[in-house]
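Numbers in the working numbering are just positions in the sequence shown, counted from 1, shifted up by 31.
Structure first, then comments.
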Amino acid sequence: MVWRGWVRCPDQQMTPAALPDPEQLALRILRRERAAVARGLNLLDNKLAEARQCSVRLLAALSGEHSLNGGHLIGITGPPGAGKSSLVSAMIREWRRAGRTVGVLAVDPSSRPELGGGALLGDRIRIKNAAHDEGLFIRSLANRNQLGGVATEVWPMSWLMLAAFDIVVVETVGVGQTEIDIAEIGDTVCYVAQPASGDTIQYLKSGIIEIPDIFAVNKSDLGAAAYKTAGEIGRSASRQDRRDDWDYPVCLVSATMNTGITELHGNFDRHRSFLAHAGLLQKLRTRHQSAWVVRVLKEEFGTFGVELIGGYAEIGKRLEAQCGNQFEECERMRQQIISRFKSSD
């Protein structure tokens, strides 16, 4: 992958001869080899038919008990300028001090197609951490102009990274009022708000208020404005029809002053424990995997293609029977739809 300035140039696609052995690559990823993680992510981003088959085998090899119950997958969302990247950077420092390994998928706006279509801020200048830290891995990914804030590649990439890191963070693109796809990816979703921005309530009205498990009001050093925003969020969140057994905390933090970060970490850990003890973590990840399969099939073939294999209800039944490894079933359904299209020609 070559970077020029802030724009990612198109990746060179792997030739079939250069494709890795997926089972051997999976073993290296499980051993937490950074080079293997990077190669695996490149493979998942490869659009060649041969690479797709290899990717399915890789994800199948990584599927198992750990993929459903291990690690912690965290989604960070919020409006532009809220300081999401600065907050992620501060949280990374805390996790690394505690000895936890961290992988980050930073979803950035796509550059214009004539400039490569890659991640506009792909060099991650906004997340400042030691480049030589073997316990930290950061990957930029363009959102491919997806209105939901994340590209379809994010879910399988996050699944891969869960096999290699204790914490996996997905930071969304941070534009518009529609980035709610993160709710179908993260175990724990955190909404980062900026005080005195004038648009906080507009974002909350758009339906994003129903998504987060934790709220973080960044730039709390602004004082009264931060407390006012926290109060508005707290009142709005309390009016939502959500789980009664989780309290949806609102945390006042300052990434620049490094205050409130420990409390925020505690709430992340508390929510992870809540999901595990309630038996919800495995169900949540299985549901997210199913949602990803449906999204992939619908984007590629449309509603007509989905109906060719029995519709959403039939897809749901087939995925339920493949709990924990739905990637192979997704590929089988793809090939079935393609076969039906060809037979109707």
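Where is the CB? At the ideal position from N, CA and C, for every residue including glycine.
Item                                                                                                                              : Value
Selection from 282, 53, 243, 276 that minimises the alpha carbon distance to residue 262                                          : 282
DSSP beta-bridge partners of residue 170                                                                                          : 136
Stretch pair the region 81–92 + the region 117–130: three plus CB contacts closer than 8 Å                                        : no
Extent of the continuous alpha helix (DSSP H) run through residue 247                                                             : Careful: residue 247 lies outside any alpha helix (DSSP H), inside the beta strand (DSSP E) at 245–248.
Reduced DSSP secondary structure (H/G/I, E/B, other) of residue 202                                                               : strand
Spatial distance of residue 169 from residue 183 (CA atoms)                                                                       : 18 Å
Under the three-state DSSP convention, the category residue 183 falls into                                                        : coil
Pair within 9 Å by beta-carbon distance, residue 383 and residue 136                                                              : Nothing can be reported for residue 383, as the shown portion of the chain is limited to 32 through 376.
Residue 109 vs residue 222 beta-carbon contact at 9 Å                                                                             : yes
Exposed unless 16 or more other CB atoms sit within 10 angstroms - verdict on residue 246                                         : buried
Through-space distance from residue 341 to residue 134, alpha-carbon basis                                                        : 38 Å
Bridge partner(s) assigned by DSSP for residue 222                                                                                : 108, 246
Residue from 352, 353, 94 whose Cα sits closest to the Cα of residue 193                                                          : 94
Closest residue to residue 197 among 97, 73, 328, 132 (Cα-Cα distance)                                                            : 132
Segment contact flag, the region 347–361 with the region 317–332, C-beta cutoff 8 Å, min 3 pairs                                  : yes
Per DSSP, the bridge partner or partners of residue 103                                                                           : 198
Of the listed residues 70, 328, 58, 373, nearest to residue 364 (C-alpha basis)                                                   : 328
Which residues DSSP lists as bridging residue 281, in chain order                                                                 : 246
Cβ contact check for the region 102–120 and the region 286–295: 3 or more pairs under 8 Å                                         : yes
Beta-carbon proximity list for residue 60, same chain, < 7 Å, skipping 5 on both sides                                            : 67, 68, 71, 93, 191, 194, 195
Cβ-Cβ distance between residue 98 and residue 303 below 9 Å                                                                       : no
Per-residue burial, residue 358 [other beta carbons within 10 Å of its own, 16 or more giving buried]                             : buried
Chain-order list of residues whose beta-carbon lies under 6 Å from that of residue 258 (same chain, five-residue window excluded) : none
Nearest-angstrom Cα separation, counted from residue 163 out to residue 239                                                       : 36 Å
Residue 85 - containing alpha helix (DSSP H), residue span                                                                        : 80–93
Assigned secondary structure, residue 290 (DSSP; H/G/I helix, E/B strand, else coil)                                              : strand
Beta-carbon proximity check, residue 242 vs residue 264, cutoff 9 Å                                                               : no
Range of the contiguous alpha helix (DSSP H) that encloses residue 59                                                             : 53–61
Option nearest residue 244 by Cα separation, candidates 80, 334, 104                                                              : 104
Spatially closest choice to residue 362 from 52, 90, 249, 216, by CA coordinates                                                  : 90
Exposed unless 16 or more other CB atoms sit within 10 angstroms - verdict on residue 276                                         : exposed
Residue 167 versus residue 339 - alpha carbon distance                                                                            : 44 Å
Residue nearest to residue 226 in terms of C-alpha spacing, selected from 249, 290, 58                                            : 249
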